[in-house]
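Asks: One structure coming up, written as structure tokens, with questions to follow.
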Amino acid sequence: MNLRRLLFWFHLVIGLVVGLTICFFASTGSLMAFQPQIIARAERKISVPEHRQDACLAPSESIKKLQTQIGAPPTSFEVFANPRTPAQVMTAPDRIFLADACTGELLGNGPSRVRAFFAHVRDLHRYAAYGGTRYEAIHAITIAGNLGFPILILSGLILWIPRQWKKVHLRNALVIRGDLKARARDWNLHTVGGFWLALPLLVISLSGSVMAYDWVNALLYRMAGTPSPQGKEERPKTVSLGNIELLDKLLPLAKETDLRWNSLTVRFPIAANSIPFALDEGSGSRPQEKTQLVLSKNGKLTKFDTFDKLPRGRQWRLYGRFLHTGEIFGGVGQSIAFLAALTAVLLVWTGFALSLRRYVAWRTRKARARERAPVLEAA
0 MNLRRLLFWF
10 HLVIGLVVGL
20 TICFFASTGS
30 LMAFQPQIIA
40 RAERKISVPE
50 HRQDACLAPS
60 ESIKKLQTQI
70 GAPPTSFEVF
80 ANPRTPAQVM
90 TAPDRIFLAD
100 ACTGELLGNG
110 PSRVRAFFAH
120 VRDLHRYAAY
130 GGTRYEAIHA
140 ITIAGNLGFP
150 ILILSGLILW
160 IPRQWKKVHL
170 RNALVIRGDL
180 KARARDWNLH
190 TVGGFWLALP
200 LLVISLSGSV
210 MAYDWVNALL
220 YRMAGTPSPQ
230 GKEERPKTVS
240 LGNIELLDKL
250 LPLAKETDLR
260 WNSLTVRFPI
270 AANSIPFALD
280 EGSGSRPQEK
290 TQLVLSKNGK
300 LTKFDTFDKL
310 PRGRQWRLYG
320 RFLHTGEIFG
330 GVGQSIAFLA
340 ALTAVLLVWT
350 GFALSLRRYV
360 AWRTRKARAR
370 ERAPVLEAA
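Listed below in structure tokens is the structure:
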């Protein structure tokens, strides 16, 4: 058995083992590919009416009023520079309500069905969770399967290299042909799709592994020459508003730290002596436009970390998060990620089909060999 054939069997076995988990991630990922645009389209008619600035409630009063209407304490509050854009109030477990930050009134009918749908898909994709229940055994299997995908991609690229560099061989490996049937069609789709989408699929699978495994994340930080973060930041089990009145003084000051801001987010509970804010100059999909700042209770700016001031490891980690969805390159990147996800499903389908055809052919040869054996013995 030569090296190429050994690599082929290695590729086939790994594909059979992790194929279903790859299909699971790819199918759920493809459903979320254009989530921001779909949500924006669904909520396009919800807007904030015009208000006189002197008629607005203080931020603390507005948030308290919203908490009463929702019936649960918020975990975060996000406002936008455009006064007609609704504020977003998040409560556990990641339910988002649209609101008028000026009057403290909810807009719409609570979390929309579109947001609820994407929340379910996201929980399936990230945690193998449904209905608030995490299935840890399934989650462990799926993320372990994701580790096999980069191996499949790299071994597949090696197997893609034609034995002979002739025009007909390159055409079959680079161009989808509509005149093929059965095994030849499956092989053509598997080879062509795997080649053209190999790079996006490799980026998506590797960035997914960084987000799924602490040790892969630590390896990324080590490669960047940055100490890895110690432990994950845990959300408080019981949420309260904390020193909410401090927000009345510091929220206007936070808006003045960067006049190009588009959105500003504060998380609860609020501490007694300072408030951290997350500021974004864009739509939330580019890490270069994000800033972390902290204002003390007397209004002093004690921290202002733009993206270029972050440790290199943290920068790489943020790049990976938005490369995973393609959002870092806008709609074009999302389209490529969507196409890559569909291609991953196609690769699993055609890979399984080719394996089944190979198995059936092997069984047929074995049966014919058994049928010929008595004839040879009689002769």
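Residues 0 to 378, numbered by numbering that gives the first Met the number 0, are exactly what the sequence shown covers, in order.
Positions of the beta carbon are idealized from the N, C-alpha and C atoms, including for glycine.
1. Put Thr102 into one of helix, strand or coil per three-state DSSP.
2. Which full runs of the beta strand (DSSP E) of 3+ residues lie inside the segment 86-153, going along the chain?
3. Tell me which residues share the same chain as Gly14 and place their Cβ nearer than 7 Å to its Cβ, disregarding the 5 neighbours each side in the sequence.
4. Assign Trp8 to buried or exposed, taking buried as 16 or more other Cβ atoms, counted over all protein chains shown, within 10 Å of its Cβ.
5. So what does DSSP say about Gln333, is it helix, strand or coil?
6. Cα-Cα, which of Lys365, Ala372, Leu355 is closest to Glu12?
7. What's the call for Met169, buried or exposed, on a 16-neighbour Cβ count within 10 Å?
8. Mapping DSSP to helix, strand and coil, what is Ser295?
9. Give me the Cα-Cα distance between Ala41 and Ala366, rounded to the nearest whole angstrom.
10. Only counting the same chain, and skipping five residues up and downstream in sequence, which positions put a Cβ closer than 7 Å to that of Ala339?
11. Under DSSP, the alpha helix (DSSP H) around Lys166 begins and ends at which residues?
12. What are the boundary residues of the alpha helix (DSSP H) that Ile274 is part of?
13. To the nearest angstrom, how far is it from the Cα of Phe116 to the Cα of Gly109?
14. Where does the unbroken beta strand (DSSP E) through Asp304 begin, and where does it stop?
15. Short check: CB of Met89 to CB of Ser111, under 8 Å?
16. Between the alpha carbons of Thr301 and Asn261, how many angstroms are there, rounded?
17. With burial defined as no fewer than 16 other Cβ atoms inside 10 Å of the residue's Cβ, what is the status of Asp93: buried or exposed?
18. So Ser204 is in the beta strand (DSSP E); what residue range does that whole segment cover?
19. Kindly provide the ranges of any beta strand (DSSP E) runs that are 3 or more residues long and lie completely inside the segment 3-34, ordered along the chain.
Replies: Walking through what the data contain:
1. In this structure, Thr102 counts as coil in the three-state DSSP scheme.
2. 86-90, 94-99, 104-106
3. Leu151, Gly350
4. With fewer than 16 other Cβ atoms within 10 Å, it is exposed.
5. Helix, per DSSP.
6. Sequence check: residue 12 is Val here, not Glu. In this structure, Leu355 is the residue among Lys365, Ala372, Leu355 with its C-alpha nearest to the C-alpha of Val12.
7. In the sequence on display, residue 169 carries Leu and not Met. Result: exposed.
8. strand
9. Taken atom to atom, the span from the alpha-carbon of Ala41 to that of Ala366 is near 59 Å.
10. Leu196, Pro199, Leu200, Ile203
11. 166-173
12. No alpha helix (DSSP H) holds Ile274; the beta strand (DSSP E) holding it covers 273-279.
13. One C-alpha to the other measures close to 14 Å.
14. Start and end: 300-305.
15. no
16. When rounded, the distance between both Cα atoms is 21 Å.
17. exposed
18. Here Ser204 belongs to no beta strand (DSSP E); instead the alpha helix (DSSP H) covers 197-211.
19. Qualifying beta strand (DSSP E) stretches: none in this window.
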